[in-house]
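Structure first, then comments.
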Amino acid sequence: MIRATVIERFAIAVASTLLALLIGAVIVGASGYDAVGFVYALVYGAAGNISNIAFTLRQSTMLILTGVAVAVAFRAGVFNIGVQGQFIVGGFATVLTVLALAPVLPGGIVGGVILMLLGTIAAIAVGGAYAALPGLMKAYSGANEVITTIMLNFIASGVVYFIIDAYLRPAGTSAPNTESLPEYVSLPGFAFGSSSFSVIGLAIALLAAVAVYVVMDRTRIGYDLVTSGHQQSAATYSGVDSKRTIVTTMTFSGMVAGLAGAMFAVMILGYYSDPNTFPTFGFDAIAVSLLAANNPLGVIPAGLLFGGLDAGGQYIGFTLDVPAELVDGVIGLIVLFVAAPELFRMSARRLGLGGDEQ
Amino acid sequence: MSVAEYVAERRLTTGVAVVALLAIVGGILLDVPGAELVTVGAIQRALQAAVPIALAAIGGLYAEKSGVFNIGLEGFMIFGALVAAATAWGASGAESITQGDLWVGLVGATIVCGLLSVCFALLTIRYKADQIVTGLAVWFIGLGFGPFTATVIWGGVSSPTIPNINNVVVPVLADVPVLGRLLFDASPLLLVTLVVTVVAWVVLFRTRYGYWVQAAGENPEALDTAGVDVNRVRYATVVFSGTMAGLGGAALSIGFGSGFTGTGVTMVDGRGWIAIVAYLFGNYNPIGAFLASLLFGAMDMLQIQLQTVGISLPGSITGLFPYVAVLVVLVLVGYTRVPSAVGEAYETEEK
């Protein structure tokens, strides 16, 4: 993957997506559903009208942020599979901060902006700290980060659910939900008129992607992170402490995941509930990042594509009798194909499409 | 020998000692009547909970020993659980499911998961796909297509109630106190697991094929020079790992559970991941992996035990014990000497 050229990566990403969608359509057909109707509904659900587009962009906002979080770590050679958990605790920190401080701060726009800022800072701090844990475990006791981050995902959902259910549920309610955030703590919808999507949210996601790209590509810290990921011995010789780099990488990645959590809590949910019912943005983000070859800027188009797939998939779940889980399976197939670039290189060579340079 | 190496050598002993110490301290703090916690019934439940984990762990151990990190165990278990339930249900013609149908389900799950792991092996060995990313993909595909297939078959992400496989009762021996109830009136899947554990140990450490498996992961060039096809050994172990994980999944849905549950992270609920930790913890020794699985199984069943002695912790918290235990174990004995060629595709020189 590292050796591939930009054009080759792009071709592999497109081919993987198309092949996965094709297999998805064939499975739909083989299960006795209408495959053409499936593809039509997927496209219509993603971009058919203004509210569908708003939904796509809303999902894209989340996937770009979580995708950047994954990309930061993968770029530096660390597998952060725990973005989902970091996103969960980050969003929880936002809701706790806002609910705790709302009574002591003024209401209205000013109060709302201050609360959102403080809530976001809390999310970034908590997300970063939660990601630092597996970083420390990997750096200082050699614990495989793939497994520790997955365990921490399970623990994050379990503990947050427990705290909400036992302590934060308003008296007399049975659903495990916290109280709602105050009305004025929300992002304006602007052109889309959607209560759960805001252009400001998308702008923050795009800014975050660009900012992370600049840090990773143009600063000393970013350079050290990326070199120690790809050329560990070279990095060590040039005086980079590889253990500290692992912890820094994970923390940085978790901070972005925390920001995604804040966005989810403020823009989409407006309260907090059982994390087991949340969308799996943190996992889909792995596919987003891989499709983008772990480049923070590449995450933007990949995030838009997956946002569309997600929105189209949910539309299918509502309107056709094809189960929406299919789209999750298709996302898995995309990851599978992206992981095996050799598959495409070999078939391209066999079909005589370039690839002769070897 | 450095401390780290010593701990790695004695990881199981060290780990069990630490967990036991924590349990004793916790027990004293919470005033738990220890003797009432360890009953024959408790051991029985712990063994049952260990079966799916141990099967997947032993398979994964073989794959990793030969140089392929099969991180997709969780996904294969999801498919195993689903296919077992679906095949048994299909074999009965959607009528009342008999014991025979359940056995057909077991066979179906192992065959389908075996075939799926051939695809995984082709991608990672022949097409040199990144093993970690491919394994993650297997997990995602399981999480998506598992509940999808269930919906296509049953109209919902979970199956209707499906009966368990009956215990095998050995006459006379079943009346032996304690051991009789544990071993001679037990699920056939437990017996299979015990056999698999012992055979896996013998093959890996006492036969020529076992040395091939180890060499494929440690020093593939040497094995190649000795005239053994490295990739053929790897194909075999990867298919074995997928098959065992499938059997483990089947044990969950029709061995001890009551059908397939596809909600949330499905009924497999992280056991495939715990299986990986189990064999790391057992230092790539099948018997060690089984004992580690037993430890996690006991942890899983702790809630029931605590309730029977009158301590009620919320299920959402006791359900987290195995995950926390995995973290504690990895931090304490995280250092493992992974076979040196794991993750690298092997290409023979002569062509």
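Just so you know, the sequences run in chain order A and B.
Residues in the first sequence are numbered consecutively from 0, following numbering that gives the first Met the number 0.
Residues in the second sequence are numbered consecutively from 0, following numbering that gives the first Met the number 0.
Every residue gets a Cβ at the ideal spot worked out from N, C-alpha and C, and that includes glycine.
Cβ-Cβ distance between residue i and residue j below 7 Å
| i | j | result |
| --- | --- | --- |
| A/ALA338 | B/ALA244 | no |
| B/THR196 | B/PHE289 | yes |
| A/VAL88 | A/GLY118 | no |
| B/TYR212 | B/VAL232 | Per the sequence shown, the amino acid found at residue 212 of chain B is Val instead of Tyr. Cβ distance < 7 Å, so B/VAL212 and B/VAL232 count as in contact. |
| A/PHE86 | A/GLY238 | no |
| A/PHE251 | A/VAL71 | yes |
| B/PRO219 | B/VAL229 | yes |
| A/LEU205 | A/SER197 | no |
| A/ASN293 | A/ARG57 | no |
| B/GLY216 | B/PRO338 | yes |
| A/VAL67 | A/VAL255 | yes |
| B/PHE280 | B/ALA297 | no |
| A/VAL326 | A/GLY312 | yes |
| A/ASN152 | A/GLN83 | yes |
| B/THR123 | B/THR133 | yes |
| B/LEU101 | B/ILE253 | yes |
| A/ALA40 | A/THR55 | no |
| B/GLY271 | B/MET76 | yes |
| A/ALA207 | A/THR65 | no |
| B/TYR61 | B/SER315 | no |
| B/GLY155 | A/ASN275 | no |
| A/ILE146 | B/VAL276 | yes |
| B/GLY59 | B/ALA274 | yes |
Same chain, Cβ closer than 7 Å to residue i, neighbours up to 5 away in sequence not counted
| i | result |
| --- | --- |
| A/ALA101 | LEU114, PRO181 |
| A/ALA286 | PHE305, ILE330, ILE333, VAL334 |
| A/ALA138 | LYS242, ILE245, VAL246 |
| A/PHE343 | ILE11, ALA14 |
| A/VAL5 | none |
| B/ALA380 | In the structure as shown, chain B begins at 0 and stops at 350. Residue 380 of chain B is therefore absent and cannot be evaluated. |
| B/PHE78 | VAL111, CYS112, LEU115, GLY141, GLY145, GLY245, GLY248 |
| A/ARG349 | none |
| B/ASN377 | This structure cannot speak to residue 377 of chain B, because chain B is shown only from 0 to 350. |
| A/SER156 | ILE87, PRO274, ASN275 |
Element boundaries [alpha helix (DSSP H), containing residue i]
| i | result |
| --- | --- |
| B/ILE140 | 130-153 |
| A/VAL94 | 82-100 |
| B/ALA56 | 39-64 |
| A/ILE26 | 5-29 |
| B/GLN304 | 301-307 |
| B/SER116 | 98-120 |
| A/GLN313 | 298-318 |
| A/MET345 | 340-349 |
| A/PHE280 | 280-290 |
| A/VAL321 | Looking at the DSSP string, A/VAL321 is not in any alpha helix (DSSP H), and its letter there is neither H nor E. |
| A/ILE255 | Looking at the sequence provided, one finds Val at residue 255 of chain A rather than Ile. Here the alpha helix (DSSP H) through A/VAL255 covers 241-262. |
| A/ARG74 | 49-74 |
| A/ASP223 | 219-229 |
| B/SER339 | Counting along the chain, B/SER339 falls outside any alpha helix (DSSP H), and DSSP gives it neither H nor E. |
| B/SER95 | It is not in any alpha helix (DSSP H) - B/SER95 carries neither H nor E in the DSSP assignment. |
| B/GLY314 | 314-317 |
| B/PRO187 | 187-205 |
| B/MET76 | 72-90 |
| B/VAL280 | Sequence inspection shows Phe at residue 280 of chain B; the Val mentioned does not correspond to that position. It spans 270-280 - the alpha helix (DSSP H) in which B/PHE280 sits, taken as one unbroken run. |
| A/GLY36 | 34-46 |
Beta-carbon proximity list for residue i, same chain, < 8 Å, skipping 5 on both sides
| i | result |
| --- | --- |
| A/VAL13 | none |
Residue-level contact to chain C via CB, residue i, 7 Å cutoff
| i | result |
| --- | --- |
| B/TRP88 | The displayed structure is made up of protein chains A and B, and chain C is not among them. |
Nonlocal neighbours in the same chain, by C-beta distance under 6 Å from residue i, ignoring five residues either side
| i | result |
| --- | --- |
| A/ASP273 | TYR160, PRO175 |
| A/ALA92 | ALA121, ALA122, VAL125 |
| A/GLY221 | VAL214, MET215 |
| B/THR347 | ASP223 |
- Check distances from the C-beta atoms of the region 237-253 of chain A to those of chain B and list, in chain order, the residues that come in under 7 Å. none
- Which runs of the alpha helix (DSSP H) fall wholly inside the region 131-208 of chain A and span at least 4 residues, in chain order? 144-162
- Message: Closer than 8 Å between beta carbons: that is the criterion. Which residues of the region 47-63 of chain A meet it against chain B?
- Response: none
- Message: For the region 124-143 of chain B, list every residue whose C-beta sits within 9 Å of some C-beta in chain A, in sequence order.
- Response: ARG125, TYR126, LYS127, ALA128, ASP129, GLN130, ILE131, VAL132, THR133, GLY134, LEU135, ALA136, VAL137, TRP138, PHE139, ILE140, GLY141, LEU142, GLY143
- Task: Could you please tell me which residues of the region 320-332 of chain B, in chain order, have their CB closer than 7 Å to any CB of chain A?
- Result: TYR322, VAL323, VAL325, LEU326, LEU329, VAL330
- Message: What are the residues in the region 149-173 of chain B lying within 8 Å of chain A by C-beta distance?
- Response: THR150, VAL151, VAL156
- Query: Going along the chain, which residues of the region 11-30 of chain A sit with their C-beta nearer than 7 Å to a C-beta in chain B?
  - Reply: SER30
- Anything in the region 254-282 of chain B with a Cβ closer than 7 Å to a Cβ of chain A? List those residues in chain order, please. GLY263, GLY269, TRP272, ILE275, VAL276
- Message: Residues of the region 44-73 of chain B in Cβ contact with chain A at a cutoff of 7 Å, in chain order, please.
- Response: ILE70
- Task: Pick out the complete alpha helix (DSSP H) segments inside the region 222-259 of chain B, 4 residues or longer, and give them in chain order.
- Result: 229-249
- Query: Mind listing which residues of the region 155-184 of chain A have their C-beta closer than 8 Å to chain B's C-betas, in chain order?
  - Reply: GLY157, VAL158, TYR160, PHE161, ASP164, ALA165
- Item | Residues within the region 299-331 of chain A neighbouring chain B, beta-carbon criterion of under 8 Å | PRO322, GLU324, LEU325, VAL326, ASP327, GLY328, VAL329, ILE330, GLY331
- Got a sec: which bits of the region 111-122 of chain B sit with their beta carbon under 8 Å from any beta carbon on chain A, in order along the chain? LEU122
- Task: Select from the region 275-286 of chain A all residues with a C-beta closer than 9 Å to any C-beta belonging to chain B, and list them in chain order.
- Result: ASN275, THR276, THR279, PHE282, ASP283, ILE285, ALA286
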